[in-house]
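S.K.: Numbering (my numbering), first residue to last: 61 to 193.
The C-beta atom is built at its ideal place from N, Cα and C for all residues, glycine as well.
Handing you this structure, nothing more for now.
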Amino acid sequence: ISDEMRIKNNLVKLAEYDSLTGLLNKQSFVSNVKKYLANTANSTYGGSFYIIDIDNFKTINDTKGHPFGDEIIRKVGYLLKDSAPATNYVARIGGDEFCMFIKGKSTEEDSQIFADSLIEKVPSADSGTEKLL
């Protein structure tokens with residue numbers, strides 16, 4: 061039974077999470093956000109939705125190689141997950157694109173402050189001056 065449970069858990073993980081980052085995949089992200097917003101108790105509180113893209117990622121892959129690019133994606137994914145409170149949703153939706161949904165009411169100013177803090181946390185690809193986000 062334990063082997064069957066382990067296999068089932070692995071299949072669920074493969075279906076719901078991105079294999080490179082361990083974050084939710086696009087389908088799971090959308091499903092979780094829809095469920096959250098469908099709950100009438102949560103609809104009053106809403107949330108903030110962020111789309112994050114790594115700037116010039118094709119150039120990073122082309123000049124430094126795909127293993128380096130994969131490491132950048134993993135690091136950005138970890139940083140995003142670490143920046144969001146545990147009960148929120150963070151996903152890699154494809155390539156170098158990520159989404160975050162932060163539950164609860166926030167003002168436009170609060171959302172901008174949070175977005176700016178994310179940008180500040182992400183280093184440049186080569187520790188130069190140009191940021192990744």
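Between which residues of its own chain and Gly194 is the CB-CB distance below 6 Å, once the five residues before and five after are set aside?
M.R.: Here the chain has residues from 61 to 193 only, and residue 194 is not among them.
S.K.: Could you spell out the range, first to last residue, of the beta strand (DSSP E) harbouring Ala151?
M.R.: 149 to 154
S.K.: So, helix, strand or coil for Gly137, using DSSP?
M.R.: helix
S.K.: Looking only at its own chain, which residues have a Cβ that is under 7 Å from the Cβ of Gly164, when we skip the five neighbours before and after it?
M.R.: Tyr105, Gly107
S.K.: Between the beta-carbon of Thr97 and the beta-carbon of Tyr149, is there less than 8 Å?
M.R.: In the sequence under discussion, the amino acid at residue 97 is Leu, which differs from the Thr named in the question. For the 8 Å CB-CB criterion, Leu97 and Tyr149 do not form a contact.
S.K.: Pull up the distance between the alpha-carbon of Ser171 and that of Lys135, whole angstroms please.
M.R.: 22 Å
S.K.: Can you tell me where the alpha helix (DSSP H) holding Ile56 begins and where it ends?
M.R.: In this structure the chain extends from 61 to 193, so residue 56 is not present and cannot be described.
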